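Note sheet for the following structure.
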Amino acid sequence: MELSVIIVNYNVRFYLEQCLYRVLRASEKAEAEIIVIDNNSSDDSCRMISMQYPQVKLIRNTSNEGFAKACNRGLKIAKGEYILLLNPDTLICEETFVRCITFMRDHPDAGALGVKMTDGSGKYLRESKRSTPYPLTALYKITGLSGIFPRSSLFSRYYMGHLDRDKISQVEVLTGAFMFIRKSTIASTGLLDESYFMYGEDIDFSFRILLAGYKIYYFPEVAIIHFKGRSSEKNRVKSILSFYMAMLIFTRKYFARKRPLIYYALIKPSIYLFAIPGIAVKLIRSFFASIRSAGKDDEKRYLEDLYTFRGPAIIAASPDSYRIIIEKIKKAGLRTMITGRIGSNQETEGEADSEKRGNIEDIDSIIKSHGIKAVIFSLKSYPIPVIMSSLNKIPEHNILKRIVPD
Numbered sequence: 007m008e009l010s011v012i013i014v015n016y017n018v019r020f021y022l023e024q025c026l027y028r029v030l031r032a033s034e035k036a037e038a039e040i041i042v043i044d045n046n047s048s049d050d051s052c053r054m055i056s057m058q059y060p061q062v063k064l065i066r067n068t069s070n071e072g073f074a075k076a077c078n079r080g081l082k083i084a085k086g087e088y089i090l091l092l093n094p095d096t097l098i099c100e101e102t103f104v105r106c107i108t109f110m111r112d113h114p115d116a117g118a119l120g121v122k123m124t125d126g127s128g129k130y131l132r133e134s135k136r137s138t139p140y141p142l143t144a145l146y147k148i149t150g151l152s153g154i155f156p157r158s159s160l161f162s163r164y165y166m167g168h169l170d171r172d173k174i175s176q177v178e179v180l181t182g183a184f185m186f187i188r189k190s191t192i193a194s195t196g197l198l199d200e201s202y203f204m205y206g207e208d209i210d211f212s213f214r215i216l217l218a219g220y221k222i223y224y225f226p227e228v229a230i231i232h233f234k235g236r237s238s239e240k241n242r243v244k245s246i247l248s249f250y251m252a253m254l255i256f257t258r259k260y261f262a263r264k265r266p267l268i269y270y271a272l273i274k275p276s277i278y279l280f281a282i283p284g285i286a287v288k289l290i291r292s293f294f295a296s297i298r299s300a301g302k303d304d305e306k307r308y309l310e311d312l313y314t315f316r317g318p319a320i321i322a323a324s325p326d327s328y329r330i331i332i333e334k335i336k337k338a339g340l341r342t343m344i345t346g347r348i349g350s351n352q353e354t355e356g357e358a359d360s361e362k363r364g365n366i367e368d369i370d371s372i373i374k375s376h377g378i379k380a381v382i383f384s385l386k387s388y389p390i391p392v393i394m395s396s397l398n399k400i401p402e403h404n405i406l407k408r409i410v411p412d
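Counting from 7, one number per residue, gives the positions in the sequence shown under our numbering.
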């Protein structure tokens, strides 16, 4: 077995469905097993898996035991030469597994790798490459110095801003959304630390990979989409508490004994200092979010999240995908103004329709001529690399960009 893909799910059925579809497409080019650990979801995630993806190994937990512990359940039964810990709110390309496996085999010093990530609007996610959050590194980030000097190897080290986002590099921290690991590495590092409920386990595990003498690579030749934090949105307050608790666990574990004065006089008080306003803001946002979502089921919230925006929008999709997306917008009861679709020059004459405004190769001119304020890309219609290339043609400002599964 070449690869074991481990996905921990908690109440994100609509993202998980699309994620599994993409994972199965990618696994056609590599020998892979897929393991989903469900943390006692209250939606119909497990039913969906059983009915649509019977080939997936499903482990149902009777409680939400957190990310690290759930991952460890999968790691204990994984048979692959390589392990991929993958978030359910991600979408991967068909070549993802093959390229990652090839890179790891060509680099025997690699204990793990991470990839280039963008969010649902095509924006690059800086956490794609990170360094270990040593006290000064974290301080530069918290105080905003990393933003003032975004390319500095000193002040912007947290996100390794001095490294080219399009070049293969050695980094220090993987992100939990996509952790591609050589299984033999785990014999040296041990499993994920279950002290972490949510957040921090990726930093801790990465630190132990480096301590074991392995290297971690940033591999931007593979790009994925990460919608970010869909599970954590279910409980925003618990999410922020888990974040600061993870900071305390990590710093206590690695710095309290070696640098007790710095830890107790500076690090620990600073975490509490920043935690108080952070939690307060989350409480306020959670309150208003609960009011907005009152009486809405998960699917309705999911559709609103994808398709709510102002101004005329256009959909880059095939005729079939275009119709599916239009129906979803209507189902959600949204008043989104859709001016038509962007097609491809590879479409046959029979696929042409009155809604087509042009081809994706000319997306920039179509946006200008029709006064478009939002562009929706269908993942089923276009490969991720084509979408990324098209996003680069769209002006950065005033145009909302959204990549959606259909």
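Built from N, CA and C at the ideal position, the CB exists for glycine as well. Only a predicted model underlies this, so the values are computations on that prediction, with no experimental measurement involved.
Asked, Found
"Separation of residue 289 from residue 283, as counted between CA atoms", "10 Å"
"Distance between beta carbons of residue 36 and residue 121, contact taken as under 8 Å", "Not really, about 15 Å apart at Cβ, beyond 8 Å."
"Outcome for residue 58 when other beta-carbon atoms lying within 10 angstroms are tallied against a minimum of 16", "exposed"
"Bridge-paired residues (DSSP) for residue 130", "124"
"The region 80 to 98 in contact with the region 128 to 144 per 3-pair CB rule at 8 Å", "no"
"Alpha-carbon to alpha-carbon, residue 385 and residue 409", "7 Å"
"Presumed contact (8 Å Cβ cut-off) between residue 327 and residue 369, rounded CB distance", "Wrong, their Cβ atoms sit about 16 Å apart, outside the cutoff."
"Opposing strand residues paired with residue 96 [DSSP bridges]", "232"
"Supposed contact pair residue 51 and residue 90 - C-beta distance, whole angstroms, cut 8 Å", "Residue 90 to residue 51, Cβ: 19 Å. No contact."
"Limits of the alpha helix (DSSP H) - the one that residue 345 falls within", "Counting along the chain, residue 345 falls outside any alpha helix (DSSP H), though it belongs to the beta strand (DSSP E) covering 344 to 349."
"Reduced DSSP category for residue 378 - H, G, I as helix; E, B as strand; rest coil", "coil"
"C-alpha distance - residue 13 paired with residue 347, whole-angstrom precision", "34 Å"
"C-beta atoms of residue 40 and residue 18 nearer than 8 Å", "no"
"Any non-hydrogen atom of the ligand SAH within 7 Å of residue 367 CB", "Looking for the ligand SAH in the displayed structure turns up nothing, as the structure carries no ligands at all."
"Rounded C-alpha distance that separates residue 68 from residue 338", "32 Å"
"Backbone CA spacing between residue 195 and residue 201 [nearest angstrom]", "15 Å"
"Residues near residue 111 by beta carbon distance below 6 Å, same chain, minus five either side", "none"
"Opposing strand residues paired with residue 66 [DSSP bridges]", "44"
"Extent of the continuous beta strand (DSSP E) to which residue 264 belongs", "Here residue 264 belongs to no beta strand (DSSP E), and DSSP marks it neither H nor E."
"Outcome for residue 403 when other beta-carbon atoms lying within 10 angstroms are tallied against a minimum of 16", "exposed"
"Residues bridged to residue 185 [DSSP beta-bridge criterion]", "91"
"Buried/exposed call for residue 180, threshold 16 Cβ in 10 Å", "buried"
"C-beta atoms of residue 164 and residue 188 nearer than 8 Å", "no"
"Among 101, 16, 71, the one whose alpha carbon lies nearest that of residue 30", "101"
"Selection from 392, 278, 15 that minimises the alpha carbon distance to residue 49", "15"
"Contact belief for residue 345 with residue 378 at Cβ below 8 Å, rounded distance in angstroms", "7 Å"
"Local conformation of residue 200 per DSSP, three classes", "coil"
"Bridge-paired residues (DSSP) for residue 175", "224"
"Length of the line joining the Cα atoms of residue 287 and residue 34", "45 Å"
"Buried or exposed by the 16-neighbour rule on C-beta atoms within 10 Å, applied to residue 336", "exposed"
"Distance, residue 115 Cα to residue 224 Cα", "13 Å"
"Pair within 8 Å by beta-carbon distance, residue 84 and residue 10", "yes"
"Residues near residue 161 by beta carbon distance below 6 Å, same chain, minus five either side", "146, 151, 152, 155"
"Cβ-based burial, residue 207 [other Cβ within 10 Å; buried from 16]", "buried"
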